[in-house]
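The structure under discussion appears below in the form of structure tokens.
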Amino acid sequence: MKLLKEFTIQFVGLKLGKHQFEYKIGNQFFEHFEYDEFNDSNVKVAVELEKKTTLLELNFTFSGSVNVNCDLTNEPYNQPISNTFNLVVKFGQEYNNDETDMLIIPHGEYEINIQQYIYELIVLSVPSKRIHPGVEDGTLNSAILEKLDALSPEQQEPIESEEETDPRWDKLKKLLTDK
């Protein structure tokens, strides 16, 4: 996968301390990853990089909305999302991203690309079960909801009739009580 230049941070020329980076994420970003679950997206990502002498600390904060289809009605709606993530970048002998919140890069590196982290944060922030808010509060009028209601099984009232028992069991019960 080709790295997007706008998400590459060159940290060698930066002074020690905190630095701010802001990104606006739209559908073109997700098309780069060949991810087509979102109809539309409008997410603002703020990255605070704190450069220290031996490591880098990246704090990701994002909020916005993605337009997805409801799992019940297939109606599109805007799903609000927000999340934070902290990443520690250390220097070592070889590249290692086995840890979720720690990245080790070789000593000679001078830049880091954060596009994969932003992609995963946004995609994992969307709930796995997507339900239109109108379905939950009952304000959505949809032909699919009406059809689901029509096809749902009817609630049956419990039958309150006297139980008829098998006469063979009655004789066996009598054996227990006739001692």
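If you count the sequence shown from 1, position 140 lands on 140 in UniProt numbering, and the numbers rise without skipping.
Each residue gets a CB set at the ideal place from its N, CA and C atoms; glycine is no exception.
Rounded separation between residue i and residue j - CA only
i    : j    : result
D40  : N67  : 5 Å
K174 : H132 : 60 Å
V43  : S125 : 12 Å
F60  : V47  : 5 Å
S65  : N97  : 28 Å
N74  : M102 : 38 Å
Cβ distance (whole Å) where residue i is taken to contact residue j below 8 Å
i   : j    : result
I9  : I112 : 5 Å
L58 : V89  : 7 Å
F29 : L121 : Between L121 and F29 the Cβ distance is about 12 Å, and since that is not below 8 Å, they are no contact.
H32 : L14  : At roughly 26 Å, the Cβ-Cβ gap does not stay under 8 Å, so H32 and L14 are not in contact.
Beta-carbon spacing of residue i, residue j below 9 Å
i    : j    : result
I87  : K52  : Note that residue 87 corresponds to Leu in the displayed sequence, not to Ile. Against a cut-off of 9 Å, the Cβ pair of K52 and L87 comes out as no contact.
V123 : E37  : yes
N83  : Y77  : no
L72  : I144 : yes
F91  : I104 : yes
L55  : F21  : no
DSSP three-state assignment for residue i, whether helix, strand or coil
i   : result
S63 : strand
E34 : coil
T8  : strand
Residue i burial status per 10 Å Cβ neighbour count (16 or more: buried)
i    : result
Q115 : buried
G26  : exposed
T79  : First, the residue type needs correcting, since residue 79 is Gln and not Thr in the sequence shown. Flag for Q79 reads buried.
G138 : exposed
Residue i: CB within 8 Å of a non-hydrogen atom of the ligand MG
i   : result
P76 : Ligands in the displayed structure: none, and consequently the ligand MG is not present.
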